[in-house]
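Engineer: Residue numbers (this note's numbering), protein chains in the order written: chain S, 136 to 621; chain X, 3 to 163.
Glycine included, C-beta positions come from ideal geometry on N, C-alpha and C.
1. Less than 6 Å between C-beta atoms, sequence neighbours within five positions excluded: which residues of the same chain meet that for residue 210(S)?
2. Tell me, please, which residues DSSP counts as bridged to residue 469(S).
3. Along the beta strand (DSSP E) that carries residue 218(S), what are the first and last residues, could you check?
4. Please list, in chain order, all residues of the same chain as residue 260(S) whose beta carbon is under 8 Å from its beta carbon, the five residues on each side excluded.
5. Might you give, ordered along the chain, the residues of its own chain that have their beta carbon closer than 8 Å to the beta carbon of residue 2(X), omitting 5 neighbours on each side?
6. Would you be able to state if there are at least three C-beta pairs under 8 Å between the region 239–250 of chain S and the region 403–420 of chain S?
7. If you count every other CB in all the chains shown that lies within 10 Å of the CB of residue 610(S), and 16 or more means buried, which is it?
8. Using a Cβ-Cβ cut-off of 6 Å (strictly less than) and excluding sequence neighbours within five positions of residue 393(S), which residues of its own chain qualify?
9. Note the first and the last residue of the continuous beta strand (DSSP E) segment covering residue 375(S).
10. Using a Cβ-Cβ cut-off of less than 7 Å, list which residues of the region 531–548 of chain S approach chain X; keep chain order.
11. According to the Cβ coordinates, are residue 346(S) and residue 296(S) closer than 9 Å?
12. Between residue 285(S) and residue 329(S), what straight-line distance do the alpha-carbon atoms span, to the nearest angstrom?
13. How should residue 513(S) be labelled, buried or exposed, when 16 other C-beta atoms within 10 angstroms of its C-beta is the threshold for buried?
14. Could you tell me which residues DSSP pairs with residue 611(S) in its beta bridges?
15. Tell me the residue span of the beta strand (DSSP E) that contains residue 153(S).
16. Quick check on DSSP: helix, strand or coil for residue 262(S)?
17. Could you name the residues of the region 388–405 of chain S whose beta carbon sits closer than 7 Å to any beta carbon of chain X, in the order they occur along the chain?
18. With a cut-off of 9 Å, does the C-beta of residue 434(S) fall near any C-beta of chain X?
19. Is residue 631(S) helix, strand or coil when you go by DSSP?
20. With DSSP as the reference, please indicate the residues paired to residue 121(X) in a beta bridge.
21. Is the distance from the Cβ of residue 204(S) to the Cβ of residue 215(S) below 9 Å?
22. In three-state terms, what does DSSP make of residue 144(X)?
23. Give me the Cα-Cα distance between residue 151(S) and residue 187(S), rounded to the nearest whole angstrom.
24. Determine, for residue 55(X), whether the minimum Cβ-Cβ distance to residues of chain S falls below 9 Å.
25. Counting only runs of 4+ residues fully inside the region 387–471 of chain S, write out the alpha helix (DSSP H) ranges in chain order.
26. Have a look at residue 37(X) and residue 207(S) and give me their C-alpha separation to the nearest angstrom.
27. Taking Cβ to Cβ, would you say residue 340(S) is nearer than 9 Å to residue 376(S)?
28. With a cut-off of 9 Å, does the C-beta of residue 136(X) fall near any C-beta of chain S?
29. Does residue 144(X) pass the burial test, meaning 16 or more other C-beta atoms within 10 Å, or should it be called exposed?
30. I want to verify the contact list: residues of chain S whose CB lies under 9 Å from the CB of residue 139(X), in sequence order.
31. Measure from the C-beta of residue 143(X) to each C-beta in chain S and report whether the shortest distance is under 9 Å.
32. Check each candidate in 483(S), 520(S), 422(S) and 141(S) and name the one with the smallest Cα separation from residue 197(S).
33. Between residue 102(X) and chain S, is there a C-beta pair that is closer than 9 Å?
34. What residues from chain B crowd round residue 163(X), counting only those whose CB sits closer than 8 Å?
35. When you compare the CB of residue 375(S) with every CB in chain X, is at least one pair closer than 9 Å?
36. Work out the CA separation of residue 183(S) and residue 199(S) for me, nearest whole Å.
Structural data, given as structure tokens:
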């Protein structure tokens with residue numbers, strides 16, 4: 136039986152740990168883990184560290200196989216990892232390094248409402264959101280799309296929703312890649328993926344996906360909060376969802392079709408779920424074309440979900456969303472592979488950055504950022520569990536230099552779903568949350584107990600590490616008041 | 003043929019009546035931090051595939067209603083490089099068809115399973131009749147194991163949820 140304690144770790148400083156290259160023959164680079172002593176205890180409980188070492192086998196991997204403090208055991212790649220490969224040096228892309236839920240991500244919407252103004256209406260608002268936003272397993276959306284429209288969504292991303300009147304140009308500006316990454320190739324998408332995706336446009340999904348009404352409970356930088364127009368007590372909306380069945384099918388199709396690439400390109404990896412192909416190969420190009428379709432599908436999905444949330448706020452509070460100041464702060468992807476340029480050993484190189492449970496965190500002045508965030512750096516949104524907190528941070532130059540512009544993505548699981556369900560009583564949990572002023576509405580009992588706060592690490596610990604390591608800077612913290620789960 | 007139109011699948015005859023019971027002793031769920039581990043047994047390879055196919059729906063859904071009479075028998079044909087790949091492909095095909103067609107599969111007949119090729123019929127009922135608790139995104143190759151001894155076959159697979 137494998138013992139997670141066996142993975143050797145060298146302490147670099149209080150928040151950085153190295154798995155030496157010598158741990159496993161075949162590792163091309165060391166592993167680099169961002170964590171403190173407290174989080175490491177949890178991390179060592181499962182096989183996440185071994186997975187960090189396995190990722191270091193990928194051809195063309197640059198610097199290190201990186202792991203963020205929210206890292207946990209995944210299926211192949213760890214969740215909370217960043218793997219970057221040098222395209223010119225035969226670097227690979229791996230569908231498993233993005234995962235099944237392609238462009239799973241989060242968006243944060245602000246309002247000009249104060250908690251005290253809507254305190255009495257939180258229950259109505261939460262119930263109304265639950266009834267208006269399709270959530271749950273296999274749910275079909277109210278926003279129905281034809282086969283032709285679905286194809287447009289894959290190329291246009293969120294712009295499709297905006298063209299339907301489900302949002303504004305400003306929303307696009309405040310979305311990573313403006314809500315549509317270039318290079319989407321609908322021809323690389325299987326019929327089955329189209330079929331799985333069609334029914335699910337504008338649906339939240341289940342599991343850890345959610346829509347939350349939150350309230351800012353702590354400011355960390357008065358200047359940054361002023362820039363974003365945020366203050367204590369302000370009501371916010373956070374949406375966490377992805378590309379639904381459409382993305383799952385694309386990952387599945389390409390994990391399967393890439394298997395022969397291992398022999399073809401002589402790639403040696405310790406786990407078949409890490410299957411990959413050189414970025415410049417025909418196999419990888421097809422995958423990237425399809426993956427970008429799923430990424431655009433997901434951005435459009437979150438745009439549609441935000442539209443539904445704005446409509447619900449209008450219905451319940453009786454005024455327009457514009458008057459309530461429901462502006463999108465930002466939308467970030469946390470399961471994606473991107474082609475980005477970085478300096479490696481003094482040379483500018485085109486790299487393939489896999490962020491699997493990791494968020495892009497570009498610093499001030501980065502050309503990819505819209506004008507409004509050029510000074511602040513890119514907004515980074517970190518959701519926590521339903522009982523504790525979520526965060527708004529900004530990206531940093533240091534993240535660009537050290538982690539290919541990446542930081543953590545959430546709290547990270549510490550308990551399995553089965554263990555969480557076993558140790559959680561639904562009614563006790565709901566009562567406890569209600570006593571803390573948190574209303575939860577979910578389509579299934581199972582989701583609530585599997586997603587109980589105790590199943591997660593404390594997001595405050597995770598954010599402390601990335602803040603202290605300089606991979607993102609804290610702006611403000613929110614606490615949930617209304618939670619919609621699938 | 004209304005059913006066929008609604009489901010857009012190839013319906014091959016009426017709901018079959020072959021017995022297809024999944025016994026509790028033939029499957030169990032094991033711990034994995036983010037996902038679900040599934041251990042399945044069968045007296046032979048065919049039974050292993052049937053039990054695994056039924057188990058993924060048994061652990062994620064429960065029949066609760068009889069709102070809809072829609073059902074379909076779907077023909078599945080798969081070919082893979084080796085047995086492990088065929089096993090993962092099989093589970094993924096069932097999960098994918100379930101979501102694409104809006105069906106929960108509760109009956110499986112393996113017609114042939116030779117040299118890493120599989121032909122089977124899966125029987126599904128409208129998902130509207132079920133309470134689905136967990137969305138299984140896919141079966142993975144991570145730590146996949148298929149073993150056999152004189153008792154029969156056993157497989158372990160991690161499901162992404």
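Structural biologist: Quick answer:
1. 408
2. Looking at the DSSP assignment, residue 469(S) forms no beta bridge with any residue, so it has no partner.
3. 214–221
4. 253, 348, 447, 448, 451, 452 and 617
5. Only positions 3 to 163 of chain X appear in the structure, and residue 2(X) is not among them; the question remains open.
6. no
7. buried
8. 410, 412 and 418
9. 369–376
10. 548
11. no
12. 8 Å
13. buried
14. 354(S) and 527(S)
15. 151–154
16. helix
17. 391 and 394
18. no
19. In this structure chain S extends from 136 to 621, so residue 631(S) is not present and cannot be described.
20. 79(X) and 114(X)
21. yes
22. coil
23. 14 Å
24. no
25. 394–399 and 417–452
26. 11 Å
27. yes
28. yes
29. buried
30. 234, 235, 236, 342, 380, 382, 383, 386 and 387
31. yes
32. 483(S)
33. yes
34. Judged by its chain identifiers, the structure shown contains no chain B, and its protein chains are S and X.
35. no
36. 15 Å
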